[in-house]
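**Student:** Under the working numbering, read the sequence shown as residues 26 to 400, first letter to last. Glycine residues also receive a C-beta, built at the ideal position from the N, C-alpha and C atoms.
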Amino acid sequence: MTLLMIPGPIELSPAVLARAAQAPKSHVSPPVIEAFGQSLTQLRQVWCASDESQPFIVAGSGTLAMDMAVQNVLDPGDVALVVNTGYFSDRISAMIAQRGATVHTVAAPQPGGAPDDAQLERALEQHRPKVLFATHVDTSTGVRVDAAKLCALAKAYGALTVFDGVCATAAEELRMAQWGVDIYLTASQKAIGLPAGLALMVASPAALEARAALKHAPMMAIDFMQWLPIMRAYEARQPSYFSTPATTLIMALQIGLEEILGDQFEDERGIDARFKRHEAVATHARQRWAQLGLRSVAAPGLEANTLSALYYPEGTTPAAFLDAVKSQGVIIAGGLHPQLKAQYFRVGHMGYSTTRPDHIQATLDAVAFAVKSFQ
Ligand SMILES: *Cc1c(COP(=O)(O)O)cnc(C)c1O
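This is the structure in structure tokens:
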């Protein structure tokens with residue numbers, strides 16, 4: 026058996042896997058209508074979102090979810106501010122530019138860092154953006170931003186907030202309603218614990234108003250206006266059609282979300298248990314990395330709980346190191362940040378595997394084996 030411990034796709038629970046292996050069902054069949062409707066309601070719980078917020082489940086990737094968010098809140102000519110912490114922040118900046126909007130950036134001084142508050146406030150003051158974008162966890166650096174603080178700053182300047190949660194949702198604490206997030210988006214293959222193929226997001230009433238006020242509609246396939254009646258119909262347990270939903274994945278999503286919301290860890294239940302579980306596993310992993318002398322790309326205090334980005338030890342090459350880990354039955358990932366790509370590797374620790382101490386132990390041991398084989 027080989028364990029897939031990269032920052033997505035990840036190992037799946039047996040129940041999710043069994044559901045995802047069923048024959049396709051019609052999008053108007055009662056089991057799909059029920060799974061769709063229930064999943065929409067449960068997204069609000071996983072996102073800690075208000076009853077007035079609107080969940081969307083569409084076929085697609087994390088990248089599609091990012092485009093969907095950008096195009097539904099920005100018109101050509103609008104002004105946006107991007108908090109840049111790595112590769113995926115670069116991507117959202119490029120998407121905003123492609124929409125014809127103006128992008129301003131506050132960037133970390135070096136990869137592994139995050140912009141400081143004073144820098145951010147100056148940019149908000151100077152540019153008065155319509156929307157602030159940030160990557161909750163940037164998968165290229167393993168940096169987690171302080172989403173609650175970014176929301177408070179953005180609100181003080183009247184900006185909407187959009188977070189790319191692709192490597193964070195259902196693992197890193199995020200309280201959409203309480204913190205004032207306007208769009209929080211993810212994809213199914215990361216901490217949600219499904220195969221790739223679903224773009225998932227929840228939009229606040231203010232985000233829906235921003236879409237309604239646009240002069241230039243988004244591409245039809247990602248337009249909130251096209252999908253709103255469909256989502257509302259399914260949540261009311263009515264069949265509906267605009268574009269065929271990924272019915273197999275939606276059947277599996279029902280199980281995946283039930284597992285997340287049914288979790289228990291220490292004194293917590295549901296999504297709070299998931300947050301705490303990821304924190305505990307990440308803390309344990311970080312202790313082991315420190316014992317092995319491995320250095321984190323993310324600066325102290327900024328390390329995500331969903332993955333570790335670590336510099337290779339001296340005296341190895343990326344291919345040799347990753348092969349040594351693989352020889353122990355564990356697949357991890359190489360670097361992704363363009364400036365550092367060949368200098369570090371990434372280990373995912375999210376979703377189902379965080380409920381399996383044997384997965385985590387095997388992963389830590391495989392990395393330790395590789396470190397020791399090059400000493
Ligand atoms: C994986 C990831 C994406 C891209 O998702 P795809 O499904 O590969 O398009 C975007 N943002 C972050 C933070 C990610 O980790």
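1) Between the alpha carbons of Leu89 and Tyr266, how many angstroms are there, rounded?
2) If we count the other Cβ atoms within 10 Å of its Cβ and call it buried at 16 or more, is Gln67 buried or exposed?
3) Could you check whether Val107 and Phe158 sit closer than 8 angstroms to each other, using their CB atoms as the reference points?
4) What does the alpha-carbon distance come out to for the pair Pro34 and Leu225?
5) Can you tell me where the beta strand (DSSP E) with Phe158 in it begins and where it stops?
6) List the endpoints of the continuous beta strand (DSSP E) containing Val104.
7) With distances taken between CB atoms, is the gap from Ala391 to Val355 smaller than 8 angstroms?
8) Spatial neighbours of Ala261 within its chain, please: CB distance less than 8 angstroms, with the 5 preceding and 5 following residues excluded, ordered by chain position.
9) Excluding five sequence neighbours on each side, which residues of the same chain lie with their C-beta closer than 8 angstroms to the C-beta of Cys176?
10) Go through its chain and collect everything with a Cβ distance to Pro220's Cβ below 8 angstroms, but skip five positions before and after it.
11) Here's the rule: buried if 16 or more other CB atoms are within 10 angstroms of the residue's CB, otherwise exposed. What is Val57?
12) Does ligand 1 have even one heavy atom less than 7 angstroms from the beta-carbon of Gly354?
13) Quick one: what's Pro80 bridged to in DSSP?
14) Taking buried to mean at least 16 other C-beta atoms within 10 Å of its own C-beta, is Glu328 buried or exposed?
15) Grab the span of the beta strand (DSSP E) containing Ser403 for me, first residue to last.
16) Out of Phe346, Met375, Ile385, which one is the CA nearest neighbour of Tyr369?
17) Would you report the Cα separation of Leu223 and Ala358, rounded to the nearest angstrom?
18) Enumerate, from N- to C-terminal direction, the unbroken alpha helix (DSSP H) stretches of 4 or more residues contained entirely within the region 319-371.
19) Would you say the beta carbon of Met30 is closer than 7 angstroms to some non-hydrogen atom of ligand 1?
20) Excluding the 5 residues preceding and the 5 following Pro136 in the sequence, name in chain order all residues of the same chain whose CB lies nearer than 7 angstroms to its CB.
21) At a threshold of 7 angstroms, does Ala221 count as lining ligand 1 (C-beta to nearest heavy atom)?
22) Using a 10 Å radius around the Cβ and a threshold of 16 neighbouring Cβ atoms, would you call Ser352 buried or exposed?
23) Do Ala196 and Thr404 have their beta-carbon atoms positioned less than 8 angstroms apart in this structure?
24) Is Ser86 close to ligand 1? I mean its beta-carbon at under 7 angstroms from any heavy atom of the ligand.
25) CB of Asp189 to nearest heavy atom of ligand 1: below 7 angstroms?
26) Going by C-alpha to C-alpha distance, which of Asp100, Asp92, Ala238 sits closest to Ala246?
27) Is the Cβ-Cβ distance between Val227 and Ala74 less than 8 angstroms?
**Tutor:** Let's see:
1) 20 angstroms
2) buried
3) yes
4) 15 angstroms
5) 156-160
6) 104-109
7) yes
8) The answer, listed in chain order, is Gly62.
9) Thr186, Trp204, Gly205, Val206
10) Pro34, Leu37, Ala45, Ser213, Gln214, Leu274, Ala277
11) Taking all protein chains shown into account, Val57 has 16 or more neighbouring C-beta atoms within 10 Å of its C-beta and is therefore buried.
12) no
13) Paired residue(s): Val227.
14) buried
15) Since the displayed the chain opens at 26 and closes at 400, residue 403 lies outside it and no answer follows.
16) Comparing Cα positions, the closest option is Phe346.
17) About 22 angstroms.
18) 343-351
19) no
20) Excluding residues within five positions, the ones whose Cβ falls inside 7 angstroms are Gly111, Thr166, Val322, His362, Gln364, Leu365.
21) yes
22) exposed
23) Residue 404 is absent from the model: the chain starts at 26 and stops at 400.
24) yes
25) yes
26) Looking at the Cα atoms, Asp92 is the closest of the given residues.
27) yes
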